[in-house]
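Protein chains in written order, with the numbering used here: chain A, 10 to 355; chain B, 10 to 355.
Spelled out as structure tokens, the structure:
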């Protein structure tokens, strides 16, 4: 039975908090029947979320009677479900809907949700739940598979979208490319992957390496980045992923106008050149690795400001730069393809 | 009721695999009644383990009738209990002993152990088990508390021992110093702390920050390091701890003669100067941080070789260097005290 999803974003229908919903709607549009946010029922979804033309915003589950799946559409820091949402989740369970969640707090560990799910014979799918216990060993890595990794200057700035868009563009060019999902949203979009930020610390780089080993029959892997090396809350996740996935090529992602660290606003983000240098140094500990382009998220600025910024960054770094949504991913896909063909990374 | 511990090291009575047992015997000698290793019963413990004068090696639990606690004395990569040990653990439970374990595989999650423990009313203490879900925020840090952190060039080279020895020497000098344990062995020795390497990835630096917030009423914290920034399996744990604990002062720990990465022997460890530089750069992202000394583990070399090595490193780095066991921790404690008194870190 195919999934017919209601995305729950009640009270949080904006592209920042509801980034899980936004990405599922963007990349799995055929499965989404509605967004649930009673305060915005009937309004235009794209004007609130930036995506979702044609997807209705409904006030209650009764307004989406064909749906069989409720997706928790937010990714809050700390990963707890808003208390106001409990009644909606319980109603969905009573209606016979499966619940899909990427939160750190597992629905299946919640006694009330678990009992209701048993009673109504629905599934509680916790995308982040895992029992990974593999240690990275650096054995059996295929030297003929190009690993590209998107890293960034902060969290929630578009590393996943750049990876997906570049992968899709490479496929269109005829390459056997694979998007390697490392977060709950990416896993929902791609249908596989591992939730790197929810793995026990000793095994995070092992999980990243496992993803490489499982997918290295493809020509090119584009591995989704997490956090940033300069984010005090998540830098270790970022480094585990960088060292575990051993990318030969890196794409530097950033948001124009982002100046302070998400969630730690008293800290300024260092300049991009410093972010680039730190990533080169830390990746370089494991093997040769170099930047081949920049992914610019320009959602906060006008088209002309974005173009001026793009030109400045091209001049600063001597690398191709684009906003994968505004400009399309062509220059980054070209850069990856050229790098692959040159073959010096082998 | 005080603990009377049998350390289980069956088949692994050596200072590398049985480092948990070795440290508990070194620092909690008054609680240890015996070591259990049937192949070495009656032999001299110090000649096998490097510590434990006067502690008998016994062949079975029946030979230590006063014991009330069995300690799993090893810390294998991956953290699984050797299958041959299951019968010994079950016998200990039947004898009414509590079981203390620092393994990643929790005894309390094992149906057979859990059922036996219920039947015999004993406790299964999994030191690594935790439900930490705090994100680092960098709020409320006491600027008058000096945070010293031991970092290293590999795992299992003495970062914990240097931290304990320096803390004890600072206390002898009259400072209000506290050893902050971040691993299962340190927690067993100190009686508190958090098992940093077993926390869900997103919350590792938050746990490190929590340890700082909980202990910063002391003048000086000496925070136990984990792994190394150049270890492909554990570098993320190391960085989370470095960023979460925000040390103003660092001590560089290494083992003389250690050339390849533990568990990843095809990788050579970079030179110490490079390890130092990477730690300075990554710590520096969060704030001023500098090295004030080196802890040298010289167990593999002779006294004269150790002294020559020590002199070379003093010349190379212009910093005090000592083996805390061979030379005593005085020069490192002096360096911390001088740094504290100079006060420029405030």
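In this text, a Cβ means the ideal position worked out from N, Cα and C, and glycines have one as well.
For a quick check, are the C-beta atoms of residue 246(A) and residue 235(A) less than 7 Å apart? yes
Which value, in whole angstroms, describes the spacing of the CA atoms of residue 164(B) and residue 95(A)? 44 Å
Kindly indicate which three-state DSSP category residue 308(B) falls into: helix, strand or coil? coil
Compile a chain-ordered list of the residues in the segment 266-277 of chain A whose CB is closer than 8 Å to at least one CB of chain B. 272, 273, 275 and 276
Whose Cβ in chain A lies nearer than 7 Å to the Cβ of residue 243(B)? 211
Got a sec: is the Cβ-Cβ distance from residue 216(B) to anything in chain A below 7 Å? For residue 216(B), the answer is no, since every Cβ of chain A falls outside 7 Å of its Cβ.
Is it the case that the Cβ atoms of residue 26(A) and residue 111(A) are separated by a distance below 7 Å? The answer is no: Cβ separation not under 7 Å.
Where do the ends of the alpha helix (DSSP H) carrying residue 340(A) lie? 339-351
Same chain, Cβ closer than 7 Å to residue 35(A), five either side skipped, listed in chain order: 60
Would you mind working out which of 33(A), 56(A) and 146(A) sits nearest residue 15(A), comparing C-alpha positions? Nearest to residue 15(A) by alpha-carbon distance, out of 33(A), 56(A) and 146(A), is 33(A).
For the 8 Å Cβ check, are there 3 or more pairs between the segment 303-311 of chain A and the segment 180-189 of chain A? no
Listed by chain order, chain B residues near residue 431(A) by CB distance under 7 Å: The structure shown has nothing for residue 431(A), since chain A only spans 10 to 355.
Excluding five sequence neighbours on each side, which residues of the same chain lie with their C-beta closer than 7 Å to the C-beta of residue 42(B)? Residues 13, 14, 15, 73, 75 and 76 of the same chain have their beta carbon placed closer than 7 Å to that of residue 42(B), with the five preceding and five following residues left out of the count.
Buried or exposed by the 16-neighbour rule on C-beta atoms within 10 Å, applied to residue 352(B): By the neighbour-count rule (16 or more Cβ atoms within 10 Å), residue 352(B) is not buried but exposed.
Less than 7 Å between CB atoms is the rule here; does residue 189(A) satisfy it with respect to chain B? no
Output yes or no for whether 7 Å exceeds the beta carbon distance between residue 292(B) and residue 214(B). no
Starting from residue 194(A), follow the alpha helix (DSSP H) in both directions and report where the run begins and ends. 193-199
State buried or exposed for residue 201(B), treating a residue as buried only when at least 16 other CB atoms are found within 10 Å of its CB. exposed
In chain order, what residues of the same chain have a beta carbon less than 8 Å from the beta carbon of residue 194(B), not counting five sequence neighbours either side? 28, 29, 32, 33, 84, 111 and 169
By the 7 Å beta-carbon criterion, what residues does the segment 137-157 of chain A contribute toward chain B? 142, 144, 145, 146 and 147
Whose C-alpha, out of 128(A), 91(A) and 88(A), is nearest the C-alpha of residue 102(A)? 128(A)
Classification of residue 113(B) by the beta-carbon crowding that lies within 10 angstroms, buried from 16 upward: buried
Measure the C-alpha to C-alpha separation of residue 354(A) and residue 124(B) and round it to an integer number of angstroms. 54 Å
Cα separation between residue 130(B) and residue 97(B)? Their backbone Cα atoms lie some 17 Å apart in a straight line.
Closer than 7 Å to chain B by CB, residue 106(A): Judged by the 7 Å Cβ criterion, residue 106(A) is not in contact with chain B.
Against residue 164(B), what residues of chain A qualify as contacts under a CB-to-CB distance less than 8 Å, listed in chain order? By Cβ distance, chain A contributes nothing, its closest Cβ being about 10 Å from residue 164(B), past 8 Å.
Determine the chain B residues that contact residue 323(A) at a beta-carbon separation under 9 Å, and present them in chain order. None at all; the shortest Cβ gap to chain B is about 26 Å.
For the segment 35-56 of chain B, which residues have a CB atom closer than 9 Å to at least one CB atom of chain A, in sequence order? Hits within the stretch: zero.
Compare the beta carbon distance of residue 210(B) and residue 135(A) with 7 Å and say whether it is the shorter of the two. no
Here's the rule I'm using: 16 or more other beta-carbon atoms within 10 Å means buried, otherwise exposed. How should residue 162(A) be labelled? buried
So residue 186(A) is in the beta strand (DSSP E); what residue range does that whole segment cover? Per DSSP, residue 186(A) is one residue of the beta strand (DSSP E) stretching across 186-189.
Quick test of the definition: if touching needs 3 or more C-beta pairs under 8 Å, does the segment 270-287 of chain B touch the segment 265-276 of chain A? No contact exists between the segment 270-287 of chain B and the segment 265-276 of chain A.
Can a CB atom of chain A be found closer than 7 Å to the CB of residue 160(B)? Interface flag for residue 160(B) against chain A is unset, since no Cβ pair is found closer than 7 Å.
Counted within 10 angstroms of its Cβ, other Cβ atoms place residue 149(B) as buried (16 or more) or exposed: exposed
Could you spell out where the alpha helix (DSSP H) holding residue 128(B) opens and where it closes? 120-129
For residue 43(A), write down the residues that DSSP places opposite it in a beta bridge. 15(A)
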